[in-house]
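Worksheet for the structure shown next.
Residue numbers (this note's numbering): 1 to 353.
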């Protein structure tokens, strides 16, 4: 019995580690990853992915007679840590729309927005604070029994669409070649992984180091490090497009507005930033990564993520590394996101006696 228990415990622990994988929990940003020795995986912290959601969608009543009215209520909630739209995109409001109105069933539809009632199916909101909830109401009136002679049902569909920018930070570590040899001789050398922090937002950029870290660098000898860039949809909605679809948006480095109907992330919507590389002689990792990303094709999601695109950058071989050097690179991506919800309603004609 003791022998069986001894074998079972490590097996259970291995299963727990395997299921945990190499990502953090999105809703609990301070929880990191679990890594099995011998496997490469980054230590990832992820903040809330679903930012604007339809937290509640109700139809009261959900079953009505022909000719009667009912009210459809949608509560729009900001689950993020910033006001939406963010300050750089305040000219592009949040849009909430009843986009499937079950044509032929309702003779009138009115919407009550924060700024009043309108004879349309959509509202725009210029500002939603963190954790704030804003109600939107639609009043729908069903056709009479002459047009709806039999009981029928339909699913009313609502979406909230908003612009957003998500940032992430990735660490990249290098080690002086002589220092690495010293540590290996002493048996103290240990491979490490990147610390990756993924900020608020459903579409997240992932900059990863594909080589074992710390990457060895021999002073004065040119060498490269292999990195990869990828976009993932970690939210419960859909990529609605890029900022090139927004009125008046001009991508960095472009003088004209570019329009496209394909929901892709263009390279112009991606920015690489850091405090390093500001003066002559500094390590130009940011400009090297930016140049590599600018040569890539637009990022199209296949399922929930884009294929990884690999590239190389020079290591800081021209800079004298004193033992170990760690750099941090900030990546951001701009996009338009859409969250949807639907509810079933039923229309009944009066009984015939």
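Backbone N, C-alpha and C fix where the C-beta goes; we use that ideal spot for every residue, glycine too. Keep in mind it's a predicted model, so treat the numbers as computed, not measured.
Residue 335 is bridged by DSSP to 164.
Secondary structure of residue 65 (DSSP, three-state): strand.
Taking a contact as a CB-CB distance under 8 Å, the pair residue 216 and residue 177 counts as one, their CB atoms being some 5 Å apart. Counting along the chain, residue 271 sits inside the beta strand (DSSP E) bounded by residues 270-273.
If one requires a minimum length of 4 residues, the alpha helix (DSSP H) runs lying completely within the region 174-224 are 177-186, in chain order. In this structure, residue 346 sits near residue 62, with a CB-CB distance shorter than 8 Å.
The C-beta of residue 98 has 16 or more other C-beta atoms within 10 Å across all chains shown, which makes the residue buried. Taken through DSSP and simplified to helix, strand or coil, residue 298 comes out as coil.
In the structure shown, residue 306 falls within a coil segment according to DSSP collapsed to helix, strand and coil.
When rounded, the separation of the alpha-carbon atoms in residue 93 and residue 121 is 16 Å.
At a Cβ-Cβ threshold of 8 Å, residue 52 and residue 238 do not count as neighbours.
Counted as a single uninterrupted DSSP element, the beta strand (DSSP E) harbouring residue 58 occupies residues 52-60.
Note: residue 114 is not bridge-paired with any residue in the DSSP secondary-structure output.
With contacts defined by Cβ atoms closer than 8 Å, residue 191 and residue 211 do not form a contacting pair. Counting along the chain, the unbroken beta strand (DSSP E) around residue 100 starts and ends at 94-100.
Taking one beta carbon from each stretch, the region 81-90 and the region 144-160 have fewer than 3 pairs nearer than 8 Å; the two do not touch. The Cβ atoms of residue 47 and residue 203 do not sit closer than 8 Å to each other. Exposure of residue 294 is indicated by the presence of fewer than 16 other C-beta atoms within 10 angstroms of its C-beta.
Beta bridge pairing from DSSP links residue 230 with 206. The DSSP-derived three-state label of residue 125 is strand.
Listed as beta-bridge partners of residue 156 by DSSP are 343.
Of all C-beta pairs linking the region 306-322 to the region 108-127, fewer than three are shorter than 8 Å, placing the two stretches out of contact. The alpha-carbon separation between residue 49 and residue 200 amounts to approximately 6 Å.
The three-state secondary structure of residue 320, taken from DSSP, is coil.
Partner residues in the beta bridge of residue 135, as assigned by DSSP, are 75. For the options 299, 209, 323, 76, the alpha carbon positioned closest to that of residue 133 is the one of 76. Between the alpha carbons of residue 329 and residue 213 lies a distance of about 15 Å.
For the set 148, 302, 58, 185, the Cα lying nearest the Cα of residue 104 is the one of 148.
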